[in-house]
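Participant: Pasting a structure here, questions to come.
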Amino acid sequence: MNAQLKAFPLRLDTRQGKVDMTHGSGGRAMAQLIQELFLKHLDNDLLRQANDQASFDVAAGRMVMSVDGHVISPLFFPGGDIGSLAVHGTINDVAMSGARPTYLSAGFILEEGFPLADLEKIVISMSQAASEAGVPIVTGDTKVVEKGKGDGVFITTTGIGVVPAGINISGDRAVPGDRIIVSGSMGDHGVTIMSSRENLEFETSLTSDSAALHSLVEQMVAVAPEIHCLRDPTRGGLATTLNELAQQSQVGMQLSEAEIPVKPAVASACELLGLDPLYVANEGKLICICSEADAQRLLPVMRAHPLGKESAIIGRVIEDPHHFVQMETLFGGSRVVDWLSGEQLPRIC
Amino acid sequence: MKYVDEFRQHKLSRQLAAAIRDEVDPGRSYHLMEFCGGHTHAIFRYGVQDLMPDNVRFIHGPGCPVCVLPVGRIDNAIHLVEAEDVILCTYGDLLRVPASGRNSLIKVKAAGGDVRMVYSTQDALNIARENPDRQVVFLAIGFETTTPPSAVALQQAKREGLKNFSLFCNHVLTPAAIQNILESPEVREIGSVAIHGFFGPSHVSSVIGSRPYEFFAEEFQRPVVIAGFEPLDVMQSALMLIRQLNEGRYEVENEYTRVVTREGNQKAQRLVAEVFELRRSFEWRGLGLVPYSALKVKADYQEYDAEQRFQIPVSPAKEVKGCECPAILRGAKRPTDCKLFGVVCTPDNPMGSCMVSSEGACAAYWSYGRFRQPEAKSA
């Protein structure tokens, strides 16, 4: 590597420097960015080979693959940033099949003028998230777009994983009688992001729940290999994800509002903004649908895991030709919990 | 959540439901109009109707600011963005309201128009300060609740001498609209629409007080109970209305005493009076032209009045054919009476304004209540 370092007589200026068009041109500046920023922090055997692809042996059995684009604003928020989110998000998408995630790729679209210091912070955070999860980023790509054509940085991550034998988890497998479990409080991530948006500052001690859920999933499938559905309620929140599952499985769902964990700070912020926590995004929570017997087996296992301490059974799957998700409200009435329409926009008065 | 959970307790709701059941006379019906979209939202979100006896019916009124804004005013706002190249700031709900020609502010924004969603008038002022070379217009809508912040913004703009900020005023007034509904032929003529009592708005009343309702409680002999927005408030207020009706009383009562006084917030009232004055008449969706039902910017502040600063054409806006929003807003029809409801008009693709805001009767029916319809239309 020493020979290569000499190719760049001046070190990459990660304090004052900014991304410019040459960083995506395929020339020396790009090589230096890869060497002194990406490789420096994300270093692993496969990435260091510096090929256009990562090459590795695969285990026998069923593999899964998932891709996720990250375009958030703001890029940094309490409890994480776009880097850690890009790692966690894709690991979770892979893990929701019951798979053990093995490798990740990362594609960066950088906007001209983006501070290299911020980029380095993001890459360090990705590196930490990937190494904590034990899922290395083994190949990547960088492109630069002109100023005004991007929003700082967009990161797309792809992940692959191996499904243990005998596991068959899919969104179309919920059947009437199943129980619906969530692994913790709803809405933490979305409210944290909103509270740190420029035009909506309000004080909160909340942090994003962004986390990689594969170790929780691993323990869950170990005690209950017959789990029917797993999904992480990200964009659109719990309500939207349950509607997806109800539609896919052609069933209805009956929830109990009293059982759904929501942190008081999240509930208050939503009250203030006219939002509903059931529609607010999560990045470190999962929904599990399984038989009642499995639910009883899973609950203690999930609650013993640091990412599942507040796990709760929030409802059950029912027969319903309309595939509605319904909820008994805290108040004792009942209502439909519908799909999110458009964006969740605050009400006026 | 302190001061909120107390008003959503299941145990209390059951007690109140029992009290209401005891109070109602099974031989008569109770049609209670909640004027305010906030109440409509609470009734649906918490399933309050489920806790009522069959002969107590909620009629959803026109108190959703987004729903009553006529199509023409949205067309005007779009004109400001497209023809005058202004930065248009407004509250989020308004972005999806359908304008003429199936246009909307959100589509204008997607096509490159500079439309920005703000959370307060202060955000709009900041945008004006940060963009001294651009004209910034705040599209102001809402009832008496949102009017004081608009007044403050204009005072600030004047004090700072901001040359690039103006306000497109669409503020409307509650008492005039309630009176209009009570005077409408459907309500006056027997056998058409029966409205026996009113839930008075909560936040609006925190500004204007309970006194403005005294006139029509007396004049139209209908009880009014100022009700808070929490579900227990709505139930307690329903009980108070039912009691008044049973006892043949028609008074203004205040359930929302933790916020509302008879005189209201006089400081806010003075603020509004300094900046705004009554319009001779204003068009409401559903109600048509209602005399003295809206505000306009006073002459003293005319340089901050978008209607003075820009040439805004009068647009001959048309409602979508078949859309029953006007009748629904008057309480004359239910959302399910509309042929478009759930067929071509859904919250994802609203044809009428009542389907846009979650406070609109159609959106609330669709989102929270459609499992009640035996022939529910599946999306």
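Protein chains in written order, with the numbering used here: chain Y, 2 to 350; chain B, 57 to 435. Glycine included, each C-beta is placed from N, C-alpha and C at the ideal position.
(1) Give the residues from the stretch 175-196 of chain Y that approach chain B closer than 8 angstroms (Cβ to any Cβ), ordered along the chain.
(2) May I ask you to list the residues that DSSP assigns as paired with Y/Glu329?
(3) Does the beta-carbon of B/Ala139 have 16 or more other beta-carbons within 10 angstroms, so that it is buried, or is it exposed?
(4) Given this structure, state the Cα-to-Cα distance separating Y/Pro177 from Y/Val281, to the nearest angstrom.
(5) Tell me whether the stretch 82-96 of chain Y and the stretch 39-50 of chain Y touch, counting them as touching only if at least three CB pairs, one residue from each stretch, are closer than 8 angstroms.
(6) From the beta carbon of B/Gly103, is the nearest beta carbon of chain Y less than 9 angstroms away?
(7) From what residue to what residue does the beta strand (DSSP E) around Y/Pro102 run?
(8) Within 10 angstroms of the Cβ of B/Pro204, are there 16 or more other Cβ atoms? Answer buried if so, exposed if not.
(9) Specify, as a first and last residue, the run of the alpha helix (DSSP H) that B/Asp289 falls within.
(10) Just to make sure I have the definition right: I need the residues of chain Y whose C-beta is within less than 7 angstroms of the C-beta of B/Ser349. Which are they?
(11) Starting from the Cα of B/Glu359, find the closest Cα among B/Glu79, B/Phe224, B/Gly398 and give me that residue.
(12) How about B/Phe100: is its C-beta nearer than 9 angstroms to some C-beta of chain Y?
(13) Between which two residues does the beta strand (DSSP E) harbouring B/Lys352 extend?
(14) Answer yes or no: do Y/Asp142 and Y/Phe109 have a C-beta to C-beta separation smaller than 9 angstroms?
(15) Cβ atoms of Y/Asp277 and B/Arg101: under 9 angstroms apart, would you say?
(16) I'd like to know if Y/Thr330 contacts chain B, where contact means its C-beta is closer than 9 angstroms to some C-beta of that chain.
(17) How long is the line joining the alpha carbons of Y/Gly81 and Y/Ile123, rounded to whole angstroms?
(18) Just to confirm my understanding: we take Y/Val218, look at its own chain, exclude 5 residues before and 5 after, and list those with CB closer than 6 angstroms. What are they?
(19) Please name the residue, chosen from B/Lys323, B/Val153, B/Ala73, B/Gly94, that lies closest to B/Met108 on a Cα-to-Cα basis.
(20) If we cut at 9 angstroms on Cβ distances, does Y/Gly316 have a partner in chain B?
(21) Can we say the stretch 130-149 of chain B touches the stretch 109-118 of chain B, given the rule of at least three CB pairs closer than 8 angstroms?
(22) Going straight from the alpha carbon of B/Lys374 to that of Y/Gln248, what length do you get?
(23) On the criterion of 16 or more Cβ atoms from any shown chain inside 10 Å, does Y/Thr208 qualify as buried, or is it exposed?
(24) Against B/Ser69, what residues of chain Y qualify as contacts under a CB-to-CB distance less than 7 angstroms, listed in chain order?
(25) Based on Cα-Cα distance, which residue from B/His95, B/His97, B/Val104 lies nearest to B/His66?
(26) Reducing DSSP to helix, strand and coil, say where B/Cys410 ends up.
(27) What residues from chain Y crowd round B/Asp106, counting only those whose CB sits closer than 8 angstroms?
(28) Can you tell me whether Y/Asp14 is helix, strand or coil according to DSSP?
(29) So B/Pro442 contacts chain Y; which residues on that side make the cut at Cβ distance below 7 angstroms?
(30) With H, G and I counted as helix, E and B as strand and the rest as coil, what does DSSP make of B/Pro369?
(31) If we call anything under 9 angstroms between Cβ atoms a contact, is Y/Arg174 one with Y/Gly316?
(32) Hey, quick one: how far does the beta strand (DSSP E) through B/Glu333 stretch, first residue to last?
(33) Do you know offhand how far B/Glu239's Cα is from B/Phe91's?
(34) Specify, as a first and last residue, the run of the alpha helix (DSSP H) that Y/Ile35 falls within.
(35) Since Y/Ala8 is in the alpha helix (DSSP H), which residue starts that stretch and which ends it?
(36) By the criterion of Cβ-Cβ separation under 7 angstroms, what are the contact partners of B/Arg64 in chain Y?
Facilitator: Result, derived from the coordinates:
(1) Result list empty, no residue passes.
(2) DSSP output for Y/Glu329 lists Y/Ser257, Y/Ser335 as bridge partner(s).
(3) Counting Cβ neighbours within 10 Å, B/Ala139 comes out exposed, since fewer than 16 surround it.
(4) Approximately 26 angstroms between the Cα atoms of the pair.
(5) They do not touch, by the three-pair rule.
(6) Using a Cβ-Cβ cut-off of 9 angstroms, B/Gly103 counts as an interface residue toward chain Y, since at least one Cβ of chain Y sits closer than that to its own.
(7) Here the beta strand (DSSP E) through Y/Pro102 covers 101-112.
(8) By the neighbour-count rule (16 or more Cβ atoms within 10 Å), B/Pro204 is buried.
(9) Residues 287-302.
(10) What B/Ser349 touches in chain Y: nothing, since even the nearest Cβ is about 17 angstroms away.
(11) Relative to B/Glu359, the option among B/Glu79, B/Phe224, B/Gly398 whose CA is nearest is B/Phe224.
(12) Yes, B/Phe100 lies at the interface with chain Y (some Cβ there is under 9 angstroms from its Cβ).
(13) Per DSSP, B/Lys352 belongs to the beta strand (DSSP E) from 351-353.
(14) With respect to the 9 angstroms criterion, Y/Asp142 and Y/Phe109 are classified as neighbours on the basis of their beta carbons.
(15) Yes; because the gap between Cβ atoms is below 9 angstroms, this pair is in contact.
(16) Chain B contact via Cβ: present.
(17) So the alpha carbons of these two residues sit roughly 9 angstroms apart.
(18) Ala96.
(19) The residue with the shortest Cα to Cα distance from B/Met108 is B/Ala73.
(20) Using beta-carbon distances, Y/Gly316 does not count as an interface residue toward chain B, since no partner is under 9 angstroms.
(21) Taking a contact to require three or more Cβ pairs closer than 8 angstroms, the stretch 130-149 of chain B and the stretch 109-118 of chain B do not qualify as touching.
(22) Looking at the two C-alpha atoms, the distance is approximately 37 angstroms.
(23) So Y/Thr208 ends up on the exposed side.
(24) Correct list: Phe332, Gly333.
(25) Distance from the Cα of B/His66 is smallest, within the candidate group B/His95, B/His97, B/Val104, for B/Val104.
(26) Three-state DSSP puts B/Cys410 in a helix.
(27) Neighbours of B/Asp106 in chain Y, taken as residues at a C-beta separation under 8 angstroms, are given in chain order as Gly333, Gly334, Ser335.
(28) In the structure shown, Y/Asp14 sits in coil (DSSP, three-state: anything other than H, G, I, E or B).
(29) In this structure chain B extends from 57 to 435, so residue 442 of chain B is not present and cannot be described.
(30) Coil at B/Pro369, not helix or strand.
(31) No, they are not a contact pair.
(32) Note, B/Glu333: beta strand (DSSP E), 332-334.
(33) Rounded to whole angstroms, B/Glu239 to B/Phe91 spans 15 angstroms at the Cα level.
(34) According to the DSSP assignment, Y/Ile35 belongs to no alpha helix (DSSP H), since it is labelled neither H nor E.
(35) Y/Ala8 -> no alpha helix (DSSP H), and no H or E assigned at all.
(36) For B/Arg64, the residues of chain Y that pass the 7 angstroms Cβ criterion are Leu331, Phe332, in the order they occur in the chain.
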